[in-house]
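In the working numbering, the protein residues as written are 627 to 1198. Quick notes on the structure that follows.
Next comes the structure, spelled out in structure tokens:
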């Protein structure tokens, strides 16, 4: 057993053993990975390490997604370990996904020996160069003396400032070399000093703008989750009575059942959120990129509002939407300072008006034939039986948007989804969340997916079985790549090209892995199936055969502003 506190850190050991000691110094307790030739020395060192648990996935992409899921629910850096060549390239989608969603992970890739680099050697790729655009930073360890510094810097970079993925490429001969190096004790990265403090004058200006505004709206993004700002956000909203809209990544930062919550903003946002932002006279955007899916037509985004944008990354300020006040800093710090200003509550007239919009507009309740199953209803039933307290991972597509609207998330770090990259296959490998949270007090872990997305990484069923993970898989099976089909219906005259999807018998598939498989085709069956699945201690697969051509509404067409939403009536 390797114990970093007892080992003689100056005694001779391999580079791989030094790597493990460095990981232990960073309090790493879990690694998700898949072995191969270039990382055998690292796996050999892991064999003697009892403090780090290795989770063997069935694909490298899934290993990185699992590390991503682990990071999202804990706030700590998730760690993935893959081999060189195809192992590294398989990891790129997961790395890009974490980069787009600002998730802290450290990805360790094997590499051929330094003397073989650049010779088209077996299982050699320039993963360092390939990932420069999708990592916060990356390293190639060409000298073992640099290893302790690099590991310490990598974890520091991953979790500080704007979180993100860091890649470390590890040549095999560096891992087998003998060394008596000690661990890095201090860290100094020239030019890297993340800004976190918000100027007091700016705080006073924002407070005065809130007091003088008549129609303020808070737009809350994933940065509020990353900065653990949910508590001061709730306090500000309660005190000042400001309506709240969230981005897809910001869901959970503010409780969905609160009367001031307007829902998600953007292309598939709620009527209330989009309309409130369009008519706002003050818009305070916290930790969001204000990208195209959120803003719609940029020139028409919140046209009457005095806009404030706060983000930990100054590169995001004025990048997509020009604002009147852009501040680089920590959202939690700003909110705590605003709360100290004791801002008086606003008139309830604006809050009541925005809530009225949500009640008056049909809210995704498109009817289906008696005896058939509405996909939104399935998600409402999952919400009912978990009381909004589950950790829910989704893939990408219609089910993702329905989940965002119909599952009533009550706390941050409980909605795991691919927001920026839109990665099908992300949801099920987010089983890293189940690893991070396992225990008698763990919340239910639910993966809501589609028949197309699930088939992207369904091999991870074996991972769930091997580790006895209590993840409940809910497949909304509509026989289509639903979101692409919806676009083809609405904008391409129903020319359905390559979107009709065949699937295996998912219940039989589950049975092949020794997992209970349940199927429902009516609301009554769905209710019984969900209730049964949640009482089972291990993984369960639920297949819900839902209406084939059901669309996600409202929807802002490409190039339109957010007040130009399509509803179900537009189909007629």
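Even for Gly, the Cβ is constructed at its ideal location relative to N, Cα and C.
Please list, in chain order, all residues of the same chain as residue i whose beta carbon is under 6 Å from its beta carbon, the five residues on each side excluded.
| i | result |
| --- | --- |
| residue 720 | 687, 690, 691 |
| residue 1020 | 1026, 1029, 1043, 1053, 1074 |
| residue 634 | Note that residue 634 scores 41 on pLDDT, short of 50, meaning its location in the model is unreliable; the coordinates nonetheless yield the value given after this. Closer than 6 Å at the Cβ level, and outside the excluded window around residue 634, lies no residue. |
| residue 645 | none |
| residue 853 | 956, 957, 958 |
| residue 778 | 810, 813 |
| residue 797 | 737, 739, 740 |
| residue 775 | 810 |
| residue 627 | With a pLDDT of 44 at residue 627, under the threshold of 50, the modelled position of this residue cannot be trusted; read the value that follows with caution. Cβ within range, chain order: 676. |
| residue 785 | 703, 730 |
| residue 643 | 671 |
| residue 939 | 788 |
Where does residue i fall in DSSP's three states?
| i | result |
| --- | --- |
| residue 647 | helix |
| residue 1055 | helix |
| residue 726 | helix |
| residue 667 | helix |
| residue 747 | coil |
| residue 1188 | coil |
| residue 890 | strand |
| residue 969 | coil |
| residue 1128 | coil |
| residue 1033 | coil |
| residue 1159 | helix |
| residue 1087 | helix |
| residue 855 | coil |
| residue 949 | coil |
| residue 1109 | helix |
| residue 1023 | coil |
| residue 872 | strand |
| residue 922 | strand |
| residue 990 | Any reading at residue 990 needs caution, since the residue's pLDDT is 46, under 50, leaving its predicted position unreliable; the model's value is listed next. Correct three-state label for residue 990: coil. |
| residue 674 | coil |
| residue 961 | helix |
| residue 980 | helix |
| residue 1176 | coil |
| residue 1201 | What is shown of the chain runs 627 to 1198, which leaves residue 1201 out entirely. |
| residue 1122 | coil |
| residue 916 | coil |
Give every residue of the same chain whose Cβ lies closer than 8 Å to the Cβ of residue i, excluding the five residues on either side of it in the sequence, and list them in chain order.
| i | result |
| --- | --- |
| residue 1085 | 684, 685, 688 |
| residue 969 | 833, 836, 837, 862, 865, 866 |
| residue 655 | 677, 678, 679 |
Let me check one thing: in DSSP terms, what residues is residue i bridge-paired to?
| i | result |
| --- | --- |
| residue 1145 | 1169 |
| residue 1072 | 1018, 1098 |
| residue 639 | 805 |
| residue 737 | 797 |
| residue 932 | 908 |
| residue 600 | Outside the displayed range of the chain (627 to 1198) lies residue 600, so it cannot be described from this structure. |
| residue 679 | 656 |
| residue 1041 | 1018 |
| residue 1103 | 1171 |
| residue 699 | According to DSSP, which records beta bridges pairwise, residue 699 is partnered with nothing at all. |
| residue 707 | 659, 734 |
| residue 1082 | Its beta-bridge partners do not exist; DSSP assigns none. |
| residue 1181 | 1192 |
Sorted by chain position, which residues of the same chain lie with C-beta nearer than 7 Å to residue i's C-beta, five sequence neighbours on each side aside?
| i | result |
| --- | --- |
| residue 1090 | 1057, 1097, 1165 |
| residue 977 | 867, 869, 886 |
| residue 1094 | 1164 |
| residue 931 | 906, 907, 908, 909 |
| residue 1181 | 893, 894, 1191, 1192 |
| residue 859 | 846, 850, 879, 880, 961 |
Determine, using beta carbons only, whether residue i comes closer than 8 Å to chain D.
| i | result |
| --- | --- |
| residue 907 | Although the question refers to chain D, the structure presented lacks it and comprises just one protein chain. |
**Prompt:** Unbroken alpha helix (DSSP H) runs of length 4 or more, entirely within the region 751–798: which are they?
**Reply:** 753–756, 773–785
**Message:** Is it the case that the region 709–725 contacts the region 1125–1133, given that we only count it when at least three CB pairs across the two stretches are under 8 Å?
**Reply:** no
**Message:** Pairs of beta-carbons, one from the region 1136–1145 and one from the region 1033–1052, closer than 8 Å: are there three or more?
**Reply:** no
**Request:** May I ask you to verify whether the region 940–951 touches the region 908–924, counting CB pairs closer than 8 Å and requiring at least 3?
**Result:** yes
**Asked** What are the uninterrupted segments assigned as alpha helix (DSSP H) that are 4 or more residues long and contained completely in the region 816–852, given in chain order?
**Response** 826–838, 848–852
**Message:** Does the structure place the region 763–776 close enough to the region 820–834 that three or more beta carbon pairs sit under 8 Å?
**Reply:** no
**Message:** Within 8 Å, do at least three Cβ pairs link the region 751–762 to the region 818–826?
**Reply:** no
**Item:** Validate contact between the region 1154–1171 and the region 1100–1111 using beta carbons, cut 8 Å, 3 pairs
**Value:** yes
**Prompt:** Can you find at least 3 beta carbon pairs, one from the region 1061–1074 and one from the region 1105–1115, that sit closer than 8 Å?
**Reply:** no
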